[in-house]
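In the numbering used here, the protein residues as written are 113 to 299.
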């Protein structure tokens, strides 16, 4: 539970919409990082490895890698908008905590150019998102599969009373993770 709460908190921190219980959150972050670093010690200290760290949650591992494997190559991919990093004075403690780890990477990769914090003194790369068109999960659905998926979606609505989705009327489908920045509530 603590790990998922921390993950959500860090995503929210980046969006600057919540105030964290900073001491507790940072303590959990440090404990989880130390636990994972010990579990992965043989991998993290192997000089043959190149490391790809995804998102703020495991970014503490970059400090461990740099201390124990100083010549290692580390790529940090961040797909969270860092607007709060650029425009806030209210979250400076949290930002210093996170960016001390981010600064240990050899390069930061984002899928939107302005997501990379400009104050980090490491190279930045921009790689737009891509969809693997030949992946099984991106294939065209059959009519039967589509009907079953929509039936399941109808069952998961808040006011489900046995209704089905009427395919004869127009409808809009928004596919995304639910969070306040996706704009679902404004539709």
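The C-beta atom is built at its ideal place from N, Cα and C for all residues, glycine as well.
Fair warning: this is a prediction, and the values are worked out from it, not measured in the lab.
_List, from N- to C-terminal side, the alpha helix (DSSP H) runs of 4 residues or more that fit wholly inside the stretch 201-238._
Counting whole runs of 4 or more residues, the stretch 201-238 contains the alpha helix (DSSP H) stretches 204-214.
*Nearest to residue 181 (by Cα), restricted to the options 171, 191, 168, 163*: Among 171, 191, 168, 163, the Cα nearest to that of residue 181 belongs to 163.
*Pairwise C-alpha distance: residue 179 and residue 142*: CA-to-CA, the gap between residue 142 and residue 179 works out to about 15 Å.
*Alpha carbon of residue 216 to alpha carbon of residue 135, nearest angstrom*: Within the model, the alpha-carbon separation for residue 216 versus residue 135 is close to 23 Å.
*Just reading off the alpha helix (DSSP H) that residue 177 is part of, what are its end residues?*
Looking at the DSSP string, the run of the alpha helix (DSSP H) that includes residue 177 is 172-180.
_Buried or exposed, going by whether 16 or more other CB atoms sit within 10 Å of the CB of residue 243?_
Under the 10 Å beta carbon count, residue 243 is surrounded by fewer than 16 other beta carbons and is classified as exposed.
*Measure the CB-CB distance between residue 209 and residue 225 and report whether it falls below 7 Å.*
No, the pair does not count as a contact, with Cβ atoms beyond the cut-off.
*When the Cα atoms are used, what is the spatial distance from residue 220 to residue 281?*
It is roughly 46 Å from the alpha-carbon of residue 220 to the alpha-carbon of residue 281.
*Can you round the beta-carbon distance between residue 161 and residue 184 to whole angstroms, since I take them to be within the 8 Å contact cut?*
Indeed they touch by this definition, with Cβ atoms about 7 Å apart.
*Is it true that the CB of residue 171 sits closer than 7 Å to the CB of residue 165?*
Contact annotation: residue 165 and residue 171 have beta-carbon atoms nearer than 7 Å.
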